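Contents: one structure, followed by commentary.
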Amino acid sequence: MHGADRRLELGFLTFVAEGGSDGPGGALRDGLTLVQHAEDLGYDSAWVRVRHHEPFLSSPMTFFAAASQVTRRIALGTGVIPMRYEDPLRLAEDAATVDLLSGGRLELGLSNGIPPLAATLDPIHGASDRGFAGEAQHRIAILRRAIAGEPVAQAAAQYMGIPAGGDLTMTPHAPGLADRLWYGAGSEGTAVRAGQQGFDLQVSTLNTEETGETFDVVQARQIRSYRKAFADAGHSGRRSSRVSAGRIVLPFLDSRDAEAHQEFIEGYTSGMTADGRPTGDSPFPVRFSPVFSGDPDAIVERLLADEALPETDGLVIVLPAEGSLDVHRRVLSAVAEHVAPHLGWSPAG
């Protein structure tokens, strides 16, 4: 997949689910243990889902503040923060604080969010005349200015040592964080916009467009269009674009693994056709990624045939939402030992 002169980066993505006998506190501690385990295996990055009003991680920056103190090397990323309902200035403060605590290891992944959720979330977090996407993009723009250290307002009156009319910036400032912002895209249009805006790109297990082509073919085109937009906008003169792709990879080393993942696989595939099309109603066009499960050698063969992965810089192993710490540790170990080395990855030292 990646030649000798180009090393594949390897990450994982977890929900940090609240299930289990130890409750939410135990889930958070298990999440920290999983990040430490991945670092010990040589993984390059640890990513977390962000979910509000659900039994999953909702406060990624506080989680990463803790993770930054029990790890030394692994990058810590969000996949992704839905910005429609975030306070961009407070997020900028929290993200910069985590980045400084971690020694510059934060990778901040963003998205607009999921528009159909507006009917539920607008009454809680407030409606907007800009519309769902317009409000999300407005907040993303504010966040980027704040993280870059640009003025976010002018003081209306004397404020501490700042004179009336003086620039107000967010503190602390984390140098370099502005170049570690990602956007989670599910369509060619959003991928192109991410490139034009100078984001790095996350693609994962969901395409929000239906062209009749296979999942990986569509995603490969999204990535190529993103790279072109990034270059055409002039960002390549400042830095290289980065792309990561998420895949559900569940190696079965023995019967225990098949049993551990049977319920998830059956639940994931039950609502879709063999090629990833949902069998029920969907609020927008959608295609789901397949599950790469079973014999590790067979998984390697399937991943090598995935048309999108050669276009990327990193593979992110998407863990099932549910599952014990031991099960998830076993997945990460099996991937590191039996799958990723055959794709061009070597452990980070």
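Start counting the sequence shown at 1; every next residue gets the next number (full-length UniProt numbering).
Every residue, glycine too, gets a C-beta built ideally from N, C-alpha and C.
Here the structure is a predicted model, which is why all the values come from computation and not from measurement.
Residues that DSSP places opposite residue i in a beta bridge
| i | result |
| --- | --- |
| Glu9 | Gly314 |
| Met151 | One point to set straight first is that residue 151 is Pro, not Met, in the sequence displayed. None, per the DSSP bridge assignment. |
| Gly184 | Gln202 |
| Ile162 | Tyr159 |
| Ile81 | Leu110 |
| Asp87 | Asp87 pairs with nothing; no bridge assigned. |
| Thr14 | Val48 |
| Asp167 | Gln154 |
| Pro278 | Met272 |
Range of the contiguous beta strand (DSSP E) that encloses residue i
| i | result |
| --- | --- |
| Val203 | 200-203 |
| Ala75 | 75-78 |
| Pro251 | 243-251 |
| Glu39 | First-last for Glu39: 23-41, but that is the alpha helix (DSSP H), not the beta strand (DSSP E). |
| Ser289 | Where Ser289 is concerned, there is no enclosing beta strand (DSSP E), given that its DSSP letter is neither H nor E. |
| Leu108 | 106-111 |
| Ser45 | 45-48 |
Contacts around residue i, its chain only, beta-carbon distance under 8 angstroms, and the 5 residues preceding and following it disregarded
| i | result |
| --- | --- |
| Glu39 | Ala46, Thr71, Arg72, Arg73, Ile74 |
| Leu157 | Per the sequence presented here, residue 157 reads as Ala, with Leu not at that position. Only Ala164 meet the Cβ criterion. |
| Gly134 | Ser128 |
Extent of the continuous alpha helix (DSSP H) run through residue i
| i | result |
| --- | --- |
| Thr62 | 60-70 |
| Pro123 | 118-125 |
| Glu209 | Looking at the DSSP string, Glu209 is not in any alpha helix (DSSP H), and its letter there is neither H nor E. |
| Ala260 | 255-270 |
| Ser324 | No alpha helix (DSSP H) holds Ser324; DSSP gives it neither H nor E. |
| Arg221 | 215-232 |
| Arg302 | 296-304 |
Any non-hydrogen atom of the ligand FAD closer than 7 angstroms to residue i Cβ
| i | result |
| --- | --- |
| Asp99 | In the structure on display, the ligand FAD does not appear, and there are no ligands present to speak of. |
Whole-angstrom C-beta distance between residue j and residue i, which should lie under 8 angstroms
| i | j | result |
| --- | --- | --- |
| Arg221 | Glu188 | 6 angstroms |
| Val152 | Ser111 | Val152 to Ser111, Cβ: 22 angstroms. No contact. |
| His338 | Pro283 | That belief does not hold up - the Cβ atoms of His338 and Pro283 are roughly 38 angstroms apart, past 8 angstroms. |
| Gly113 | Ala95 | Not really, about 17 angstroms apart at Cβ, beyond 8 angstroms. |
| Leu34 | Arg224 | Wrong, their Cβ atoms sit about 33 angstroms apart, outside the cutoff. |
| Gly314 | Leu76 | So it is not a contact: roughly 14 angstroms between Cβ atoms. |
| Thr279 | Gly271 | 6 angstroms |
| Trp345 | Leu10 | 5 angstroms |
| Ser293 | Leu250 | 4 angstroms |
| Asp216 | Ala274 | Asp216 to Ala274, Cβ: 14 angstroms. No contact. |
Option in the options with minimal Cα separation from residue i
| i | options | result |
| --- | --- | --- |
| Tyr183 | Ile265, Glu107, Asp281 | Glu107 |
| Gly186 | Arg180, Ala194, Asp179 | Ala194 |
| Gly198 | Gly237, Thr312, Leu168, Thr211 | Gly237 |
| Thr312 | Ser289, Leu253, Val203, Glu209 | Val203 |
| Pro172 | Leu101, Tyr226, Ala245, Arg180 | Leu101 |
| Thr211 | Gly126, Leu201, Ala92, Gly276 | Gly276 |
| Ser241 | Leu206, Leu201, Ser270, Pro278 | Leu201 |
| Pro175 | Glu150, Met160, Gly161, Leu168 | Glu150 |
| Pro82 | Gly104, Gly103, Ser59, Glu93 | Ser59 |
| Phe15 | Glu322, Ala340, Pro347 | Glu322 |
Chain-order list of residues whose beta-carbon lies under 7 angstroms from that of residue i (same chain, five-residue window excluded)
| i | result |
| --- | --- |
| Asp342 | Reading the sequence as shown, one finds His at residue 342 and not Asp. Closer than 7 angstroms at Cβ, skipping near neighbours: Val300. |
| Ser333 | Leu41 |
| Leu32 | Ala66, Ala67, Val70 |
| Leu325 | Asp30, Thr33, Leu34 |
| Glu86 | Arg139 |
| Pro24 | Glu18 |
| Thr208 | Gly186, Ser187, Phe284, Pro285, Val286 |
Beta-carbon contacts of residue i that lie in its chain and below 6 angstroms, excluding the five residues immediately before and after
| i | result |
| --- | --- |
| Ala148 | Ala178 |
| Pro320 | Phe264 |
| Gln196 | Ala229, Ala233 |
| Phe64 | Leu76, Val98 |
| Val318 | Leu13, Thr205, Gly246, Ile248 |
| Thr214 | none |
| Tyr159 | none |
CB contact check: residue i to chain D, cutoff 8 angstroms
| i | result |
| --- | --- |
| Val152 | Any reference to chain D falls outside this structure, which holds one protein chain only. |
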